[in-house]
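Novice: Just so we're on the same page, this note's numbering is the position in the sequence shown counted from 1, plus 4. Ideal Cβ positions, reconstructed from N, Cα and C, are used throughout, including at glycine. The model shown is predicted, which means the values in this text are computed figures rather than measured ones. Structure below; questions to follow.
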Amino acid sequence: MTTFILPLAALGGWQLGAAAILALLILVLVLVIATFFMTWLRAKLSGATVGFPTLIAMRLRRVPASLIVDARITAVKAGIEVSANDLEAHYLAEGNVIQTVQSIIAADKANIGLDWQRACAIDLATKGTGKSVLEAVRTSINPKVIECPAADSGRATIDGVAKDGIQVKARARVTVRSNLDNYVGSALEETIIARVGEGIVTTIGSADSYKSVLESP
5 MTTFILPLAA
15 LGGWQLGAAA
25 ILALLILVLV
35 LVIATFFMTW
45 LRAKLSGATV
55 GFPTLIAMRL
65 RRVPASLIVD
75 ARITAVKAGI
85 EVSANDLEAH
95 YLAEGNVIQT
105 VQSIIAADKA
115 NIGLDWQRAC
125 AIDLATKGTG
135 KSVLEAVRTS
145 INPKVIECPA
155 ADSGRATIDG
165 VAKDGIQVKA
175 RARVTVRSNL
185 DNYVGSALEE
195 TIIARVGEGI
205 VTTIGSADSY
215 KSVLESP
């Protein structure tokens, strides 16, 4: 114990202060490494390396590093290079990082031209509208069949009355395929159902007889 205390006693005030600051810096460094090591290691082992300075900067900007790293790993594993900075920028713009990554992966597999910047633009433009960039890609690949009326509308049929006074009950199925160029301003599913319903009622109402409706549904 004596051999440890005597050298410290021999140190001047500024030397003790410097030693304390150095010890504090070492402690902070150890805590930082401990905090981010598993996240860094997961990215490193997946071939989607994200450096410690980047991880620390994310923490300072209140960006969830694990979310960004997971999104980057998903993209890299699918053969798509998206930088951590691009992912972080989209998160800070209040975009859906995971869905945007999934959309460019789906588009890439289907040979649909969709780069990261365009996917981000669609994601942000459709935020809060009930649509998403991932849905846009999926319905571009596999057309969606919409039931009219909708199953949750409480109605089984769309009813109209022909000019001869006979009521005709009808149902319809509409197949839609998304066009990424026009997706942002396109109609929602509810709007499509409403327009189809109006068209059916108008067509039935303009028919002279219910028979003509049945002959040409």
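With distances taken between CB atoms, is the gap from I204 to A174 smaller than 8 Å?
Specialist: Locating residue 204 in the sequence shown gives position 200, counting from the first residue. Locating residue 174 in the sequence shown gives position 170, counting from the first residue. Taking 8 Å as the Cβ cut-off, I204 and A174 qualify as a contacting pair.
Novice: Is it buried or exposed for S107, if we count other Cβ within 10 angstroms and need 16 for buried?
Specialist: The residue you call residue 107 lines up with position 103 of the sequence shown. Buried, because 16 or more other Cβ atoms sit within 10 Å of the Cβ of S107.
Novice: Out of curiosity, what's the CA-to-CA distance linking V141 and A129?
Specialist: For the purposes of this step, residue 141 is identified with residue 137 of the sequence shown, where counting begins at 1. For the purposes of this step, residue 129 is identified with residue 125 of the sequence shown, where counting begins at 1. Answer to the nearest angstrom: the Cα atoms are 15 Å apart.
Novice: Return the CA-CA distance between K81 and S50, expressed in angstroms with no decimal places.
Specialist: Along the sequence shown, one-based indexing puts residue 81 at 77. Along the sequence shown, one-based indexing puts residue 50 at 46. Roughly 8 Å between the two C-alpha positions.
Novice: Grouping DSSP H, G and I as helix and E and B as strand, with all else coil, what is A160?
Specialist: As a position in the sequence shown, residue 160 is number 156, starting the count at 1. Note: A160 maps to coil in three-state DSSP.
Novice: Are the Cβ atoms of T104 and V137 separated by less than 8 Å?
Specialist: Indexing the sequence shown from 1 puts residue 104 at position 100. Indexing the sequence shown from 1 puts residue 137 at position 133. In contact: T104 and V137 (Cβ atoms closer than 8 Å).
Novice: Can the beta-carbon of A61 be found closer than 8 Å to that of T53?
Specialist: The residue you call residue 61 lines up with position 57 of the sequence shown. The residue you call residue 53 lines up with position 49 of the sequence shown. No, the Cβ-Cβ distance between A61 and T53 is not below 8 Å.
Novice: Assuming V149 is part of the beta strand (DSSP E), what are its boundary residues?
Specialist: Here residue 149 corresponds to residue number 145 of the sequence shown, with the count starting at 1. Per DSSP, V149 belongs to the beta strand (DSSP E) from 148-152.
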